[in-house]
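A short write-up of the structure that comes next.
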Amino acid sequence: MNRTVWHGLVVLAAALLIAAVYQPVGAQREPIKIGAIVPLTGPSGVSGQAMQKGYQLAMDEISRQGLLGRRVELIVEDDRGDPPTGAAAFLKLVTRDRIDVLAGGLQSATSIAIAAQARQRPILMAWTGAASTLVERALADADWFFHYHPWEYHNADSTFGFLRSTGARTIAMAYEDGPFGSGSADQAGAFARNYGLTLTFNEAFKTGSPDLTPLLTKAKGANADAFVFVSFDQDVVPMATQARQVGFSPKIILAAPPSWPVGFEKLGAGNYVAGMALWTAENGHGVSRRFVQRYKERFNEDPSSYWAPLAYTNLITVAEAIRRAGNTDLAALTREMKATEYEGPIGLPLTFKRSIYGKNQGYTRLIAFQWINGKQVVVWPEQIAGGKLAYPAPYGR
Amino acid sequence: MAIFGVLRSGLYSLASVGLALSVGVIGVVNFAHGEFLMLGAYLGYWLFASYGIDPLAAIPIGAVALFLLGGAVHRLGIQRVLRSPELNQMLLTFGISIFLQNLAIILWGGDPRTAAVGYKAQSVALGPFTVGFPQLVVFAVAMTLTLSLYAILGGSRIGKAMRAVAQNRVGASLIGIEVDRIYLLTFGLSTALAGMAGLMIALQLSTSPFIGLLYTLKAFAIIVMAGLGNITGVIYASLVLGLSEAFVEFYVPQGGGWAEGVFFVLILVVLLVRPRGLFR
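Residue numbers (this note's numbering), protein chains in the order written: chain U, 3 to 399; chain A, 19 to 298.
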């Protein structure tokens, strides 16, 4: 071996040694990468944008406090409410961006597509959305999947629990005939029986229909105490107005759209219509009030739905788990996520427990509110109620 | 139940008559018709939310605004494909439809918006029946506009020119009718009618970027039933559709889920049994 080659090998060995010595330090300086998949555009774009604002508030706080001495990078991908786009976003985040944690999630259909990918490439999934049990079943054995939003049976349980508390005994129900409404309708009979309620009417309708008067006339004929309307946002206006037109005045009308149309608060016919949600801006909880205040200061608007505080909760609890774990190792993160105990803006304590199929379920209860003079006044459960339920509601009286 | 079906047909008729006009005179199957209706609904919403203008009072504004928009779309797009294969025309209008829908999402978001018009939930007694006041108003507006259009087509110079172009484009140009100008006016009028239907939706329901497709589909069912380009047939076909839906929804168990299929069944039956339309 001549001298030149020998010197070259010595230099190379020294360089490798230096690289090996400095690599852990370099790795420490790598940012903690959190990916989030949300629908920023498309039909659920408004909810997705609210989530992004919730994330921004959380990032302000995380950056202020610091996290393991490393920079935190949030990479938000728009799934457009489209399952293939969501699956592609997952692959991009995991393989190209090499994220440490996946957050976000809103629609069930997109979540199912992402779940199929996630099973092949496990990563800590702190998932806010999806109520369909298809998602729960798809990730039933995934110890690394943490679900924040109640599942559809939790929604149904809360709804019928609330109805029982009102004093209603008979229920008429109308539901949009897609997966969202049909899923609720399938479970309605069993939940009604559990709470000692009788379902006297249960009929489907097409979402977007401009005229619900035949359906409402039939529901009126059932003469039930309560009318439950499971629909999308656009259907609640014809329901509320046309119910008045046909003189349909049950003791309570309970609608359950994912969010409410802009302007519904000014609609006279919407007064005293009740709704179920994970959270409302009128929630009386102290942390919730502070969140609303900060949201208004930051974005100069009110949070219009629960997706903003839910996304905030999502990122803050992930950051706390990383802080407790001291690193981003999947096993350590999973262990610390399971130890989560958090009382944030949603107003209900968050811990992760087993659900029917899943291993780590967060929230399991919705709250009930009633539209009173343009405000969503929380009326159930009593502990966080901001007002008293008007029952029988004075619809058209 | 019949009265609900009749009232429902008013909105259907108004949503369809513009499409019947563009198909009948220009020969363009406009897939973006529902999106022009959606823009009219947003105009109605914003005029109400920002200036308190009732959607009924906004009809002239909506008609002019959508007429101008339709004219611009015709000049910039439709006119260039009129002599191209029909597939090109369809693809263009389909593209316009997607563009307008996404533009609305970007500008106003995906949330439905409702104009809280004071009489939105009011009802009036018609003899032994109680019917929704907005539905009655929409029906009256729809009938007035459709019959006015019929009168214009039948009695005015411009209407006769439109009919002449519809019957024979070459013949019409030979007798001195400016065919391109008639096409421009017709398309503008078609979009103006869609815009006015949108205003009536703002009055009665709520609007979102996604409402267009439903009305485009219903309008297609109606103009197929009426016979392509048959304006008066649109009224009868709307009545058939409105009544069929109302009866199915009320009398068939779980009929609300079936009602939407009614217009597809009607299209199928008409195309198989009487392809030139039921009312031609």
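Backbone N, C-alpha and C fix where the C-beta goes; we use that ideal spot for every residue, glycine too.
Predicted model only: the values in this text are computed from it and were never measured.
Scanning its chain for C-beta atoms nearer than 6 Å, with the 5 sequence neighbours on each side dropped, one finds around alanine 160 (chain A) the residues Gly28, Ser31 and Leu32, in chain order. Going by DSSP, threonine 172 (chain U) is part of the beta strand (DSSP E) stretching over 172-178. Counting along the chain, asparagine 204 (chain U) sits inside the beta strand (DSSP E) bounded by residues 200-207.
Annotation: the continuous beta strand (DSSP E) that includes glutamate 75 (chain U) extends over 74-80. Closer than 8 Å at the C-beta level to chain A, one finds no residue of the region 349-364 of chain U. Here arginine 131 (chain A) is buried, its C-beta having at least 16 other C-beta atoms within 10 Å. Between the region 350-369 of chain U and the region 146-159 of chain U, the count of C-beta pairs closer than 8 Å reaches three or more; the two stretches touch. In terms of CA proximity to leucine 269 (chain U), U:Gly376 leads the group U:Asn157, U:Gln236 and U:Gly376. Close CB contacts of glutamate 263 (chain A) within its chain, under the 6 Å cut and outside five residues either way in sequence, are with Ala277 and Val280 (chain order).
As summarised for the region 24-70 of chain U, the continuous beta strand (DSSP E) elements at least 3 residues long and confined to that stretch are 34-40, given in chain order.
By the CB criterion at 8 Å, leucine 317 (chain U) and isoleucine 64 (chain U) fall inside the cutoff.
Cβ proximity to chain A below 7 Å picks out Leu269, Gly270 and Ala271 from the region 269-284 of chain U. Taking a C-beta distance under 8 Å as the contact criterion, proline 124 (chain U) and leucine 332 (chain U) qualify as a contact pair. By the Cβ-count criterion, arginine 246 (chain U) is buried, with 16 or more other Cβ atoms from all chains shown falling within 10 Å of its own Cβ.
Using a Cβ-Cβ cut-off of 8 Å, proline 240 (chain U) counts as an interface residue toward chain A, since at least one Cβ of chain A sits closer than that to its own. Relative to the Cα of alanine 90 (chain A), the nearest Cα in the group A:Ser226, A:Ala210 and A:Val291 belongs to A:Ala210.
Residues of chain U whose Cβ lies closer than 8 Å to the Cβ of threonine 164 (chain A) do not exist; the shortest such Cβ separation is about 17 Å. Taking 8 Å as the Cβ-Cβ cut-off, the region 71-105 of chain U has no residue approaching chain A.
Here the C-alpha atom of isoleucine 241 (chain A) lies approximately 6 Å from the C-alpha atom of valine 252 (chain A).
Contact note: glutamine 272 (chain A) reaches chain U through Glu205 and Ala206, using a C-beta cutoff of 7 Å and chain order. Contact between the region 194-211 of chain U and the region 165-185 of chain U is present: 3 or more CB-CB pairs across the two stretches fall below 8 Å. Nearest in C-alpha terms to isoleucine 34 (chain U), of all of U:Ile77, U:Val48, U:Gln54 and U:Gln51, is U:Ile77. Phenylalanine 148 (chain U) has a beta carbon lying at 8 Å or more from every beta carbon in chain A. Going by C-alpha positions, leucine 261 (chain A) is about 16 Å away from glycine 275 (chain A). Contiguous beta strand (DSSP E) elements confined to the region 123-188 of chain A occur at 141-144 and 147-150, taking only those with 3 or more residues. Under the 8 Å criterion on CB atoms, glycine 286 (chain U) is classed as non-interfacial with respect to chain A. The DSSP-derived three-state label of histidine 151 (chain U) is coil. For glutamine 247 (chain U), the nearest beta carbon of chain A is closer than 8 Å to its own beta carbon.
A distance below 8 Å between beta-carbons, with the five flanking residues on each side excluded, links leucine 232 (chain A) to the following residues of its chain, in chain order: Gly52. Runs of alpha helix (DSSP H) with 4 or more residues, each lying fully within the region 256-317 of chain U, are found at 288-301, listed in chain order. Listed in chain order, the non-local C-beta contacts of proline 263 (chain U) below 7 Å within the same chain comprise Asp235, Gln236, Val238 and Val239, local neighbours out to five positions each way being set aside. Shortest Cα-Cα distance from alanine 115 (chain U) to any of U:Asp145, U:Gly83 and U:Ile101 involves U:Gly83. Note that the C-beta distance between glycine 62 (chain A) and glycine 173 (chain A) is not below 8 Å. Shown here for isoleucine 77 (chain A): same chain residues with a beta carbon closer than 8 Å to its own, the five before and five after excluded, namely Val159, Met214 and Leu217 in chain order. Among the residues facing chain U, methionine 56 (chain A) is not included, as its CB has no counterpart in that chain under 8 Å away.
Closest option to aspartate 145 (chain U), judged by alpha-carbon separation, among U:Thr336, U:Ala242 and U:Gly265: U:Thr336.
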